[in-house]
Each structure stands twice: as C-alpha cells, then as structure tokens.
Amino acid sequence: LAKTTQPISMDSYEGQEVNITCSHNNIATNDYITWYQQFPSQGPRFIIQGYKTKVTNEVASLFIPADRKSSTLSLPRVSLSDTAVYYCLVGDMGYNFNKFYFGSGTKLNVKP
Amino acid sequence: DVKVTQSSRYLVKRTGEKVFLECVQDMDHENMFWYRQDPGLGLRLIYFSYDVKMKEKGDIPEGYSVSREKKERFSLILESASTNQTSMYLCASRTGTNYGYTFGSGTRLTVV
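If you read the protein sequences in the order shown, they are chains A and B.
Here the working numbering is used: the first residue of the first sequence is 2, the next is one more, and so on.
Here the working numbering is used: the first residue of the second sequence is 224, the next is one more, and so on.
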C-alpha cells in the first residue's frame, strides 16, 4: 500500500487559494488518489478523487502530474469554514482499499 | 441522504468494563470499519468487515473484537476497557465499487 506524506499544518487567510500537496512515491498503476476533509468532532468526508491530470468539482480541484508521485488539492478562495484536517489517501478499488492508511493529515487553519 | 449512525456520542466507562459501540448504516454497503482517532496519530484502523460474519484485523486490533451479524450493523467490543482505550471511535462504511467512505459522527469514549 502506498504511504503518503503531507505537511502537518498550513495557515491561510480568507479569500486566498490554498494548495495542499501530498507525496506518494510508491503509488501503483491501479491506485487512485482520494482526499477527505474532517471538521472537529465529526468523521471525515469525501472531497475529491482522481487518477491523473486534473479533476474539478464544486468544492476543490485535484492536480496530478504525469508521474503520479504527488498530488495537489487546491481549495479556491477559502473561508473560515474551510478550517479542517485534510487527508490524502492512495489505493486501488480492490480488497486492499479496505486497509487505507489515513495518517495524520494536514491541519489547515484559515484566518480572518 | 446516506447515513452511518453511531449509538452514542459520548460514553464514560470504568476500567475493566465490557464496552459495546454500535454502528448502523442504511446504504446496504458491504464494507464496514472501525477506526480510532487520537491527537497526533491520525485515524488508525482497528477492524473491518467485508461481509456479514466476516472480519479482518486492522492495524491495532489488540484489546478489541467485533461482531457483524447483520449487513447494516457493525459492533466494536472492548473486552475489558483500559484507560489507554480512551479515544474517539469512528465507524465507516463503503460499497465495494467506489472509493467513498461514509463516516459516522464518532463516539468519544472515556475510560476512568
């Protein structure tokens, strides 16, 4: 299973774009990259998922370079309510997906 | 809207007690999980189940057991609670055909 490395914490200000990068050097051919968001006292919730290039939804964008050894979650114009922990997960859709390693994530602190 | 419901939000138990944490999902998902979350350690997988009556150990199964008698219900059992099991416990489920975990709101267990 591919292990991931993310910054422990990041600070930003309201209205800024925030980019959180995740390293996954051992990513396998069948692995997808998935990002989750967790607010205090709640369980994580799915934000976005991708395999290569760029994926965008109403919440975020996910940029994946050609070698797929890293990925960047981009949050446009953050607000105070985006203060949360963000987790990067890498794995395939098969049985091993059940053993995802969430790690400690990146704690994003958005300031006014 | 899909839901994972954990029976208790907060729980206080005494050392040596047998503790049951219940989780119910209404999405007909095959896979269910129990995690614990501690500051600085992220989410760690305790056990998961990929079918009724099937279970597999995660990263930290010691001191825990699980039961899955019905597809919608996954119980975590602390056979003899200890203070080092004081933690936030999160239940999750997912179908076998996508990457999205759905988490419950968590149970904050304190063992005194």
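Cβ coordinates follow ideal geometry from the N, Cα and C atoms, glycine included.
For residue i, the residue or residues it bridges with in DSSP
{"i": "residue 55 of chain A", "result": "A:64"}
{"i": "residue 103 of chain A", "result": "For residue 103 of chain A, which the question treats as bridged, DSSP gives no partner whatsoever."}
{"i": "residue 316 of chain B", "result": "B:255, B:325"}
{"i": "residue 47 of chain A", "result": "A:37"}
{"i": "residue 273 of chain B", "result": "Note: residue 273 of chain B sits in no beta bridge, so no partner."}
{"i": "residue 229 of chain B", "result": "B:246"}
{"i": "residue 261 of chain B", "result": "B:265"}
{"i": "residue 12 of chain A", "result": "A:110"}
{"i": "residue 332 of chain B", "result": "B:234, B:310"}
{"i": "residue 19 of chain A", "result": "A:76"}
{"i": "residue 6 of chain A", "result": "A:24"}
{"i": "residue 279 of chain B", "result": "B:271"}
Proximity winner among the options, relative to residue i (alpha-carbon distances)
{"i": "residue 245 of chain B", "options": "B:327, B:334, B:333, B:253", "result": "B:327"}
{"i": "residue 257 of chain B", "options": "B:238, B:303, B:296", "result": "B:296"}
{"i": "residue 81 of chain A", "options": "A:24, A:64, A:109", "result": "A:109"}
{"i": "residue 22 of chain A", "options": "A:75, A:102, A:103", "result": "A:75"}
{"i": "residue 242 of chain B", "options": "B:250, B:279, B:267, B:290", "result": "B:290"}
{"i": "residue 292 of chain B", "options": "B:332, B:276, B:248, B:330", "result": "B:276"}
{"i": "residue 250 of chain B", "options": "B:329, B:316, B:310, B:298", "result": "B:316"}
{"i": "residue 19 of chain A", "options": "A:26, A:10, A:27", "result": "A:10"}
{"i": "residue 302 of chain B", "options": "B:314, B:318, B:284", "result": "B:284"}
{"i": "residue 77 of chain A", "options": "A:15, A:8, A:7, A:6", "result": "A:15"}
{"i": "residue 238 of chain B", "options": "B:308, B:231, B:229", "result": "B:308"}
{"i": "residue 263 of chain B", "options": "A:107, A:52, A:4", "result": "A:107"}
{"i": "residue 228 of chain B", "options": "B:240, B:235, B:236, B:248", "result": "B:248"}
{"i": "residue 272 of chain B", "options": "B:299, B:231, B:286, B:260", "result": "B:299"}
{"i": "residue 60 of chain A", "options": "A:4, A:36, A:112, A:12", "result": "A:36"}
{"i": "residue 4 of chain A", "options": "A:112, A:79, A:87, A:71", "result": "A:71"}
{"i": "residue 69 of chain A", "options": "A:79, A:54, A:58", "result": "A:54"}
{"i": "residue 112 of chain A", "options": "A:6, A:7, A:17", "result": "A:17"}
{"i": "residue 288 of chain B", "options": "B:294, B:268, B:260", "result": "B:268"}
{"i": "residue 281 of chain B", "options": "B:335, B:255, B:331, B:231", "result": "B:255"}
{"i": "residue 52 of chain A", "options": "A:39, A:41, A:73, A:40", "result": "A:73"}
Range of the contiguous beta strand (DSSP E) that encloses residue i
{"i": "residue 236 of chain B", "result": "233-236"}
{"i": "residue 85 of chain A", "result": "85-92"}
{"i": "residue 69 of chain A", "result": "Premise fails: residue 69 of chain A is in no beta strand (DSSP E) and is neither H nor E."}
{"i": "residue 30 of chain A", "result": "Note, residue 30 of chain A: premise wrong, no beta strand (DSSP E); not H, not E."}
{"i": "residue 283 of chain B", "result": "Segment: none, residue 283 of chain B is in no beta strand (DSSP E) and carries neither H nor E."}
{"i": "residue 289 of chain B", "result": "287-293"}
{"i": "residue 296 of chain B", "result": "296-301"}
Q: Mind the definition here: the region 27-47 of chain A touches the region 305-324 of chain B only if three or more C-beta pairs lie below 8 Å; say whether that holds.
A: yes
Q. Taking any Cβ of chain B, which residues in the region 32-47 of chain A have a Cβ under 9 Å from it, in chain order?
A. 33, 35, 37, 39, 42, 43, 44, 45, 46, 47
**Q.** Members of the region 46-75 of chain A near chain B, C-beta cut-off 8 Å
**A.** Cβ contacts with chain B: 46, 47, 50.
Q: Could you list the residues in the region 321-334 of chain B with a C-beta less than 9 Å from some C-beta on chain A, going in chain order?
A: 321, 322, 323, 324, 325, 326, 327, 328, 329, 331
**Q.** the region 86-95 of chain A in contact with the region 24-36 of chain A per 3-pair CB rule at 8 Å
**A.** Segments in contact, yes.
Q) Taking a cut of 8 Å between CB atoms, which residues from the region 6-32 of chain A lie near chain B? A) none
Q. What are the residues of the region 231-264 of chain B that lie near chain A, defined by any Cβ-Cβ distance shorter than 8 Å?
A. 254, 256, 258, 263, 264
Q: Would you list, in chain order, the members of the region 287-304 of chain B that have their beta-carbon closer than 7 Å to a beta-carbon of chain A?
A: none
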